[in-house]
Amino acid sequence: MSAPPEAVRRTDETSARAGAGDLTLYAAGSVGMGLWVTVPGLLLLYFLTRTLGVPAFLAGLTLLVPKIIDVVVHPVLGSLSDRQARRRRHRRALLRWGLLLAVAWIAMFSVPAGLTGASAALWVGCWCAAGNVLFACFQVPYLTTPSDLRIGYHERTRVFTFRMFFLTLGLLGAGVAAPALVASGSHGAYARMALLLAAVLVVSQLVALTGVRRLTDRCGFQVPDERAHSALGDILTAWRDRDFRVLLLSYLFTGTTTHLFLAALPFYTEYVLHDRGLTAVLMGGFLVPATVAGPGWLWVSRRIGKQRGLLLSQGAFVAGSLALLPGERLGVVVITAVVVVMGAAFAGLQLLAFSMVPDAVAAAEARGSARAGAYTGVWTATEATGTALGPYVYSAALAIGGFASTTERHSPVQSHSAIVALLLGFTVVPAVLMTIALAFQRRCALDRAAVP
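Heads up: the sequence shown begins at 24 in the working numbering, then just goes up one per residue.
Next up, the structure:
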């Protein structure tokens, strides 16, 4: 089959259609989400090992341990969001708690000058954990919104197309601006960067609150079923859903891969390409196509279905990762071209996977159970785990290779084994992880346009 069946098209024709203005306001919240996802993923591992003198393995643990909290917090917040939705007919109360995220954001990068090594890792880890909880307060009800709306199969993809555009705008702005703002590598540069971008974070969240309200007013709000559920029960229900489970596992490995890419890129440009200035260039090359490729992936999903499109984007990312293995022998132009292709694939990885979550919720509703918050909570917990596992896996590769950490103004010469480890960690390891994601995704039968 090359397109969703007639029943899906009829559903779209009879469902509500969101206005472009309302979608723009809603999607603007993804700019702030892009900041939180990109900057810590891109800079924290580098900040810890190259400015604060934290050993590579401990730096990886500093980023991983706070995410363990998310595994519990996100599903709990999903269930809490469902209870609030049943009582208030909206989820905005939890969203408002997320406005405090800017406090943790600023503190995380404003490490007191006297802290280095383990003490610096403790400071960053604690504020990272606080920020993750506050981010979850915003993220869970925000991403549940498309599942709450009374809209159809393709309209859900359209909602996520708007969101993907603004998400990648946030990723692009942060991915290019943040490295430039901290180019000196000093404590003060990181603190100033955090303060500047915090204003963008807060404004995007406030605009999104308005967008959520207007979307639910226009398209209707689908209240979760009235039966009481425990958080554990909601988690088990989501996990027993076979198609959602394999989609979840696929995205776990996808998220691990993409966040490994972000964490490893500064090391690749400095030690393999020998030009730290290329970090901003390659981030731009990765995120500009991701920003503009959303409509293309929407067209692909209408032609061949979300499942096939997602498999295609995963395969492209595998090929791109392996293509970067020769390093500087490829030349900057070829490397940039490969990264551009990977950026376009990244847009598909995000848009198509996320737009299948409301499809899973709709399928669960058809079976007699609508727990959008619970499904989204489990999904965002998985996403958060991937954001931590990616840098952790790369930090483990650095530790195995004997990478030498340092504080600002000191640059030790790295051993040959360290260079080999950081190169393989940026190329072969992501290819393997994304191949596993692809294998899981092939088992997902959620999209009725998928082929076995």
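Note that beta-carbon positions come from the ideal geometry of N, C-alpha and C, so glycine has one too.
Legend entry - Residue from 346, 121, 334 with nearest C-alpha to residue 221: For this step, residue 221 is matched to residue 198 along the sequence shown. In terms of CA proximity to residue 221, 121 leads the group 346, 121, 334.
Inset, instruction - In the DSSP assignment, find the unbroken alpha helix (DSSP H) run with residue 164 in it and report its ends. - result: Your numbering for residue 164 matches position 141 in the sequence shown. Per DSSP, the continuous alpha helix (DSSP H) segment holding residue 164 begins and ends at 140-171.
Legend entry - Euclidean distance between Cα positions of residue 333 and residue 469: Start at 1 with the first residue of the sequence shown, and residue 333 comes out as number 310. Start at 1 with the first residue of the sequence shown, and residue 469 comes out as number 446. Their backbone Cα atoms lie some 12 Å apart in a straight line.
Inset, instruction - With distances taken Cα to Cα, identify the nearest neighbour of residue 419 among 444, 43, 398. - result: To locate residue 419, count along the sequence shown from 1; it is residue 396. Distances from the alpha-carbon of residue 419 to those of 444, 43, 398 put 444 closest.
Legend entry - Segment contact flag, the region 154-163 with the region 281-293, C-beta cutoff 8 Å, min 3 pairs: Touching, no.
Legend entry - Nearest-angstrom Cα separation, counted from residue 153 out to residue 455: Along the sequence shown, one-based indexing puts residue 455 at 432. Along the sequence shown, one-based indexing puts residue 153 at 130. So the alpha carbons of these two residues sit roughly 32 Å apart.
Inset, instruction - Can you tell me the Cβ-Cβ gap for residue 191 and residue 313, rounded? I've got them flagged as a contact below 8 Å. - result: Sequence index remark: in the sequence shown, residue 191 carries index 168 (1-based). Sequence index remark: in the sequence shown, residue 313 carries index 290 (1-based). Between residue 191 and residue 313 the beta-carbon gap is near 4 Å, inside 8 Å, which marks them as a contact.
Inset, instruction - With DSSP collapsed to three states, give me the class of residue 347. - result: For the purposes of this step, residue 347 is taken as the residue at position 324 of the sequence shown. DSSP, reduced to helix, strand and coil, places residue 347 outside both helices and strands of the structure shown, so it counts as coil.
Inset, instruction - Answer yes if the region 263-273 comes into contact with the region 46-66, meaning at least three C-beta pairs across the two stretches below 8 Å, and no otherwise. - result: Fewer than three pairs of CB atoms, one per stretch, sit closer than 8 Å, so the region 46-66 makes no contact with the region 263-273.
Legend entry - Reduced DSSP category for residue 195 - H, G, I as helix; E, B as strand; rest coil: To locate residue 195, count along the sequence shown from 1; it is residue 172. Residue 195 falls in the helix class under three-state DSSP.
Inset, instruction - Report the residue from 195, 360, 125, 311 whose alpha carbon sits nearest the alpha carbon of residue 229. - result: On the sequence shown, residue 229 is found 206 positions in, with the first residue counted as 1. Per the Cα distances, 125.
Inset, instruction - Could you tell me which uninterrupted alpha helix (DSSP H) segments, each at least 4 residues in length, are contained entirely in the region 57-130, listed from first to last along the chain? - result: Within the region 57-130, the runs of alpha helix (DSSP H) at least 4 residues long that lie entirely inside it are, in chain order, 68-73, 79-111, 115-120.
Inset, instruction - Would you identify the three-state DSSP class for residue 32, choosing helix, strand or coil? - result: As a first step, residue 32 must be located in the sequence shown, where it is residue number 9. Annotation note: pLDDT 45 at residue 32 (below 50); position unreliable, no value reported.
Inset, instruction - From the DSSP output, in three-state form, read off residue 377 for me. - result: Stepping through the sequence shown from its first residue, residue 377 is reached at position 354. Annotated three-state conformation of residue 377 is helix, per DSSP.
Legend entry - Reduced DSSP secondary structure (H/G/I, E/B, other) of residue 426: As a working note, residue 426 is residue 403 in the sequence shown. Taken through DSSP and simplified to helix, strand or coil, residue 426 comes out as coil.
Inset, instruction - Report back the beta-carbon spacing between residue 259 and residue 172 to the nearest angstrom; my notes put them in contact at under 8 Å. - result: On the sequence shown, residue 259 is found 236 positions in, with the first residue counted as 1. On the sequence shown, residue 172 is found 149 positions in, with the first residue counted as 1. So it is not a contact: roughly 26 Å between Cβ atoms.
Inset, instruction - Kindly indicate which residue of 327, 302, 417 has the alpha-carbon position closest to the one of residue 80. - result: By 1-based counting over the sequence shown, the position of residue 80 is 57. Ranked by Cα distance from residue 80, the first of 327, 302, 417 is 417.
Inset, instruction - Would you check if the distance between the CB atom of residue 185 and the CB atom of residue 46 is smaller than 7 Å? - result: Looking up residue 185 in the sequence shown gives position 162. Looking up residue 46 in the sequence shown gives position 23. Result yes, Cβ atoms of residue 185 and residue 46 sit closer than 7 Å.
Inset, instruction - Sort 436, 370, 421, 201 by Cα distance to residue 322 and report the nearest one. - result: Locating residue 322 in the sequence shown gives position 299, where the first residue counts as 1. Distances from the alpha-carbon of residue 322 to those of 436, 370, 421, 201 put 370 closest.
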